[in-house]
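Numbered per mature numbering (1 follows the signal peptide of the UniProt record, and there is no 0), the sequence shown spans residues -19 to -1, 1 to 169. Don't be surprised by glycine CBs; every beta carbon is placed ideally from N, CA and C. One structure below.
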Amino acid sequence: MKRLTLLLSALLILPPVHANDVIVNGETAPELEWDVLMPADYVLSLEKMYNNPELDQLDDYSDKAQRMYDELLQSLASAPVVETLHGRMISIPGFVVPLEGEGERVDRFFLVPYFGACIHVPPPPSNQMIDVHYAPGTRVDSLYDAVMVSGLLTTEVFNHEVGTAGYRLEAYRIAPYELPEYEEPTAE
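Next comes the structure, spelled out in structure tokens:
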């Protein structure tokens, strides 16, 4: 009877856990989607640039084209972050862009929302790049495979020749990402 009372008490005290949430060090690390990392009112200057009718008329090697490209890179590197995410435990899926490691193990990498980010230019906005630190290191078999990273997120800028991250994640868990099962919508 004592065990049952303890179990029921624990169930009442523990916060609810959703199917996609991960428990890290006893704390729930809810799965976030990448758009949550962008402020709601954030409009990438890239949109304005591509809506510019004179863009098609520019010579790629002109001074004006170079100035516009430099402005774009600056805008991407200084994209605003969501300050309320600072200090939260999260889980987020993404792709690895290795930065530091030894042998086959990577202990620092950018986590990005899509494959090929940072390989092709320009890189994603800084609020769509996470500087991940994972002291034990992880083996990356293929850059084509997505991973789920769970840990403590902070708003901290990190500049690297590959790109600029607006967030840092002290990772506690890295696992292969598995897509949720697709359910056919039911006709009503």
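Is residue i helix, strand or coil by DSSP?
i      : result
Tyr125 : coil
Asn32  : coil
Glu85  : coil
Would the beta-carbon of residue i fall within 8 Å of that of residue j?
i      : j      : result
Arg154 : His114 : no
Asp158 : Pro74  : Looking at the sequence provided, one finds Tyr at residue 158 rather than Asp. Result yes, Cβ atoms of Tyr158 and Pro74 sit closer than 8 Å.
Val78  : Ala60  : no
Met70  : Leu133 : yes
Met110 : Val93  : yes
Leu39  : Ala46  : yes
Val63  : Pro20  : yes
Ala116 : Val130 : no
Ser72  : Val3   : yes
To the nearest angstrom, how far is the alpha carbon of residue i from that of residue j?
i      : j      : result
Glu162 : Glu12  : 16 Å
Leu54  : Phe139 : 15 Å
Arg149 : Ser123 : 22 Å
Asp126 : Pro34  : 38 Å
Leu18  : Asn108 : 6 Å
Gly147 : Asp37  : 31 Å
Tyr42  : Val121 : 38 Å
Thr135 : Asp51  : 27 Å
Ala156 : Phe91  : 15 Å
Asn32  : Tyr23  : 17 Å
Glu81  : His141 : 11 Å
Val102 : Thr167 : 42 Å
Glu165 : Glu14  : 22 Å
Asp112 : Tyr95  : 15 Å
Leu66  : Glu137 : 11 Å
Buried or exposed for residue i, please, with buried defined as at least 16 other CB atoms from any protein chain shown within 10 angstroms of its CB.
i      : result
Gly68  : exposed
Gly7   : exposed
Ala10  : buried
Thr119 : buried
Asp16  : exposed
Next on the checklist: Quick check on the DSSP output: what are the complete alpha helix (DSSP H) runs of length 4 or more inside the stretch 98 to 167, in order along the chain?
Outcome noted: Every candidate alpha helix (DSSP H) stretch fails here, since none sits fully inside the stretch 98 to 167 while reaching 4 residues.
Next on the checklist: At 4 residues or longer, what runs of the alpha helix (DSSP H) sit wholly inside the stretch 40 to 92?
Outcome noted: Positions of the alpha helix (DSSP H) runs, each at least 4 residues long and wholly inside the stretch 40 to 92, are given as 44 to 58 in order along the chain.
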